[in-house]
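Chains as they are written, first to last, in the working numbering: chain A, 5 to 118; chain B, 7 to 417.
Backbone N, C-alpha and C define an ideal beta-carbon position, used for all residues, glycine too.
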Amino acid sequence: MFRNLLHSLFIATLCIVGLVLAPLPGRAEGPLVLKSVNVDLPDSDRMFPGAGADAINNNCLACHSAGMVLNQPPLTKAAWQAEVNKMIHAYKAPVDPNDVTAIVDYLSRTKGAP
Amino acid sequence: MKHGNPLHHPFTRRALLGQAGIASLAMISAPAWAQAMVDLPFAGGPTARQITTAFPQKGAMILQRTRPPLLETPFEVFDKGVITPNDQFYVRWHWAVIPTEVDVDTFRLAIRGHVDKTLSLSLKDILALPRVELAAVNQCSGNSRGFFAPRVPGAQWAHGAMGNAVWAGVRLKDVLDLAGVKPGAMQVRFKGLDDPVVADGPKYMKSLAIDHARDGEVMIAYAMNGEQLPLLNGFPLRLVVPGWFATYWVKMLNDIEVLDQPDDNYWMKTAYTIPDTPYANMKPGETGVKTVPINKMPPRSLITNVKAGDTLHVGTPAPLRGIAFGGDTGVARVDLSSDGGKTWQATQLGADAGKYGFRQWQTQFTPAAAGKYVLMVRCTNADGVVQPDQPNWNTAGFVRNVIEATPVVAA
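Shown next, in the form of structure tokens:
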């Protein structure tokens, strides 16, 4: 929370500075000086919850955080199977072949559609 | 821990600190002090999303995915004006290996392939070229995907996977001319500094036809709204393809390759393709549909100051306003309907800041009697292309541009 507060203050300061310094959009201005950037990107510690989640937690979180999947709409088992296949074949996700059934079962059980 | 590390996940600084990680697991049942949430009204859900301020150079954003980042612009930002501020401009990455550090002195942009002279340009070299500026809408192919019926997998965006900025940079044509394009060139392929997490995963690459690349409008941008680009929007250089969907606007652009044959890489041939039909429309379950790479944007318009379910007062003029864009050309007109699309009246358009940008519209609506009303706005672009009254559907959830409906109540 403290970090968020600091961040908000930082943003507020940027906005105030921006009001004073920012050129009017669309108008020619002096040469822009680009400055090197070094940032940290937040990571997610969110895991797939509940029983039978080991396979999906072990295979799927290397490429993307869990929120991507948890935000998906309910999908049929065939649609979930197609998604898992796409990850393996199109995106070369190194999914253990023995875990594919457990991953699809978990998805269709927790986020299934008729 | 930086998120380019593919082996990492459970033990982040947040988890070690304790409460933040627990709050995110507790989700929407958490008390009010926990995290700001937003509700995206998708049929079948899930509708709850966190508002995050945890991303560098970014203010409050709707968290669609942490890694690689998918951050949506909160809708109220579009009511504040036609320029989307850099710190609330949406973010979309395909692969999680994203450099978190860019040194402006050592960065180089390569121009190679079917050219007379291979180039390696520094940022200083690029800044020395003639500068051009242009306002243009950058919209994700899947913007508004969450409203598809039936629902489709993919990033579940509401309407905030788009933004309008004044881009400044150099013409792609000027850079290609420096290298000298050889006769027989067919396409130009663009790559950025981001990489697949898995070694054999398809590197993100997009191509444009040679004539498009040399049209003098496609730009290599180094500034957005007068400032350098936020890292997550593509610092230090990003391709700007006015009027075309954002999949072509390659971020952290560092490699331009002129091809003497069509690009059949995964991201052109398989991903980001749409039915070759009016409105990119097809029926759910339909097979054998011919597809083409996604391309130009069609017109859209939205009401930004009234939400679904709002109450208006009978006999009192209610100001209505919002944004529109024409897609690959300017906005000719925006019309309002208060009866669900039966009758239409013209709205007043705001200043024209360039045909590829957002344009504000405004009008008034006075409910004559108590009851329900369905407000709609409809954009017609300068080529006479009108938003359709029926929503499109396709498996990828691309190119939504139906006339959107905002049901309200007058009391």
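Exercise. Does Pro101/A have its Cβ less than 9 Å from a Cβ in chain E?
Worked result: Reference to chain E is not applicable here, since the protein chains of this structure are A and B.
Problem set entry | According to DSSP, residues forming a beta bridge with Arg50/A | Counting from one through the first sequence, the residue named residue 50/A turns up at place 46. None; Arg50/A has no bridge partner.
Exercise. Bridge partners of Ile107/A, per DSSP?
Worked result: If you number the first sequence from 1, residue 107/A lands on position 103. Per DSSP, none; premise fails for Ile107/A.
Problem set entry | Distance between beta carbons of Tyr362/B and Pro248/B, contact taken as under 8 Å | On the second sequence, position 242 is the one that residue 248/B refers to. On the second sequence, position 356 is the one that residue 362/B refers to. Pro248/B to Tyr362/B, Cβ: 4 Å. Contact.
Problem set entry | Continuous beta strand (DSSP E) stretch holding Ala215/B: start and end | The residue labelled residue 215/B in the question sits at position 209 within the second sequence. First-last of the beta strand (DSSP E) with Ala215/B: Met211 to Ala215.
Problem set entry | Element boundaries [beta strand (DSSP E), containing Gly377/B] | As a first step, residue 377/B must be located in the second sequence, where it is residue number 371. Unbroken beta strand (DSSP E) run through Gly377/B: Gly377 to Asn387.
For this session: Look at the alpha carbon of Ile107/A and the alpha carbon of Gly50/B, and state the distance between them as a whole number of angstroms.
Result: Reading the first sequence from its first residue, position 103 is the one you call residue 107/A. Reading the second sequence from its first residue, position 44 is the one you call residue 50/B. Their Cα atoms are separated by approximately 22 Å.
Problem set entry | Against chain B: residues of the region 74-93 of chain A by CB proximity under 8 Å | Leu74, Asn75, Gln76, Pro77, Pro78, Leu79, Ala83 and Glu87
For this session: Could you check the C-alpha separation between Asp206/B and Cys67/A for me, to the nearest Å?
Result: Reading the second sequence from its first residue, position 200 is the one you call residue 206/B. Reading the first sequence from its first residue, position 63 is the one you call residue 67/A. If you take the alpha carbons of Asp206/B and Cys67/A, they lie about 13 Å apart.
Problem set entry | Check whether Thr317/B and Ala416/B have beta carbons under 9 Å apart | By one-based count along the second sequence, residue 317/B stands at place 311. By one-based count along the second sequence, residue 416/B stands at place 410. Yes, they are a contact pair.
Exercise. For Trp350/B versus Asn301/B, is the C-beta distance shorter than 9 Å?
Worked result: Position 344 of the second sequence holds residue 350/B. Position 295 of the second sequence holds residue 301/B. Cβ distance not < 9 Å, so Trp350/B and Asn301/B don't count as in contact.
Exercise. Do Gly333/B and Gln368/B have their C-beta atoms within less than 9 Å of each other?
Worked result: The count along the second sequence starts at 1 and reaches residue 333/B at position 327. The count along the second sequence starts at 1 and reaches residue 368/B at position 362. Cβ atoms of Gly333/B and Gln368/B: not closer than 9 Å.
Problem set entry | Gln85/A - DSSP class collapsed to helix/strand/coil | Along the first sequence, one-based indexing puts residue 85/A at 81. Gln85/A falls in the helix class under three-state DSSP.
Problem set entry | Chain-ordered chain A contacts of Ile104/B [CB-CB under 9 Å] | Working through the second sequence from its first residue, we reach residue 104/B at position 98. Those within 9 Å of Ile104/B in chain A are Leu45.
For this session: Drop a sphere of 10 angstroms on the beta-carbon of Lys130/B, count the other beta-carbons inside from all chains shown, and report buried for 16 or more, exposed for fewer.
Result: Taking the first residue of the second sequence as 1, we reach residue 130/B at position 124. Per the 10 Å Cβ criterion, exposed.
For this session: With a cut-off of 8 Å on the beta carbons, I'd call Val383/B and Asp341/B a contact; round off their distance for me.
Result: Here the question's residue 383/B lines up with position 377 in the second sequence. Here the question's residue 341/B lines up with position 335 in the second sequence. Contact annotation, Val383/B with Asp341/B: C-beta distance approximately 7 Å; criterion of less than 8 Å satisfied.
For this session: Could you name the residues of the region 88-103 of chain B whose beta carbon sits closer than 7 Å to any beta carbon of chain A, in the order they occur along the chain?
Result: Answer in chain order: Ile89, Asp93 and Ala102.
For this session: Kindly indicate which three-state DSSP category Pro325/B falls into: helix, strand or coil?
Result: Numbered from 1 along the second sequence, position 319 holds the residue referred to as residue 325/B. Strand.
Exercise. Listed in chain order, which residues of the region 102-114 of chain A have Cβ atoms closer than 9 Å to some Cβ of chain B?
Worked result: none
For this session: Would you decide whether Cys113/A is buried or exposed? Buried here means 16 or more other CB atoms lie within 10 Å of its CB.
Result: If you number the first sequence from 1, residue 113/A lands on position 109. In the sequence as displayed, the identity of residue 113/A is Arg instead of Cys. Classification of Arg113/A: exposed, given that the 10 Å Cβ count is below 16.
Problem set entry | Straight-line gap, Thr293/B to Thr401/B (C-alpha atoms, nearest Å) | Numbered from 1 along the second sequence, position 287 holds the residue referred to as residue 293/B. Numbered from 1 along the second sequence, position 395 holds the residue referred to as residue 401/B. If you take the alpha carbons of Thr293/B and Thr401/B, they lie about 11 Å apart.
Exercise. How many whole angstroms separate the CB atoms of Val181/B and Ile216/B, which I take to be in contact at a CB cut-off of 8 Å?
Worked result: Position 175 of the second sequence, counted from the first residue, corresponds to residue 181/B. Position 210 of the second sequence, counted from the first residue, corresponds to residue 216/B. 14 Å between Cβ atoms; not a contact.
For this session: Using a Cβ-Cβ cut-off of 9 Å, state whether Gln366/B counts as contacting chain A.
Result: Start at 1 with the first residue of the second sequence, and residue 366/B comes out as number 360. For Gln366/B, the answer is no, since every Cβ of chain A falls outside 9 Å of its Cβ.
Problem set entry | Nearest-angstrom beta carbon gap, Gly166/B and Phe81/B [assumed within contact, 8 Å] | Here residue 81/B refers to the residue found at position 75 when the second sequence is read from its first residue. Here residue 166/B refers to the residue found at position 160 when the second sequence is read from its first residue. That pair is a contact at about 6 Å.
Problem set entry | Cβ neighbours of Met288/B in the same chain (closer than 6 Å, five flanking residues each side left out) | As a first step, residue 288/B is located in the second sequence; it is residue number 282 there, counting from the start. The answer, listed in chain order, is Pro281, Val295 and Asn400.
For this session: Answer with buried or exposed for Lys123/B, where buried requires no fewer than 16 other C-beta atoms within 10 angstroms of its C-beta.
Result: Translated into positions along the second sequence, residue 123/B becomes position 117. When all chains shown are included, Lys123/B counts as exposed.
Exercise. Contact between the region 45-52 of chain A and the region 62-72 of chain B: three or more CB pairs below 8 Å?
Worked result: yes
For this session: For Asn42/A, go through chain B and note every residue whose CB falls closer than 7 Å to its CB, in chain order.
Result: Here residue 42/A refers to the residue found at position 38 of the first sequence. Ordered by position in chain B, the residues that pass the 7 Å Cβ test against Asn42/A are Thr106 and Glu107.
For this session: Could you tell me whether the region 131-142 of chain B touches the region 261-279 of chain B, where touching means 3 or more Cβ pairs closer than 8 Å?
Result: no
Exercise. So what does Trp250/B bridge to, in DSSP terms?
Worked result: Numbered from its first residue, the second sequence carries residue 250/B at position 244. Partner(s): Lys302/B.
Problem set entry | For Ala330/B and Asn407/B, the rounded distance between their alpha carbons | Within the second sequence, numbered from 1, the residue matching residue 407/B stands at position 401. Within the second sequence, numbered from 1, the residue matching residue 330/B stands at position 324. Those two C-alpha atoms are separated by around 11 Å.
Exercise. With DSSP run on the structure shown, which of helix, strand or coil describes Pro242/B?
Worked result: Along the second sequence, one-based indexing puts residue 242/B at 236. Note: Pro242/B maps to coil in three-state DSSP.
For this session: Starting from Met72/A, trace the alpha helix (DSSP H) both ways and give me its first and last residue.
Result: Position 68 of the first sequence, counted from the start, is the residue given in the question as residue 72/A. Residues Gly71 to Leu74.
For this session: Could you tell me whether the Cβ atoms of Asn260/B and Arg157/B are closer together than 9 Å?
Result: Mapped onto the second sequence, residue 260/B falls at position 254. Mapped onto the second sequence, residue 157/B falls at position 151. In this structure, Asn260/B keeps its C-beta atom at 9 Å or more from the C-beta atom of Arg157/B.
For this session: Output the boundary residues of the beta strand (DSSP E) element that contains Asp261/B.
Result: The count along the second sequence starts at 1 and reaches residue 261/B at position 255. Per DSSP, Asp261/B belongs to the beta strand (DSSP E) from Leu259 to Leu265.
Problem set entry | Cβ pair Gly315/B, Pro413/B closer than 9 Å | Working through the second sequence from its first residue, we reach residue 315/B at position 309. Working through the second sequence from its first residue, we reach residue 413/B at position 407. Closer than 9 Å, so yes.
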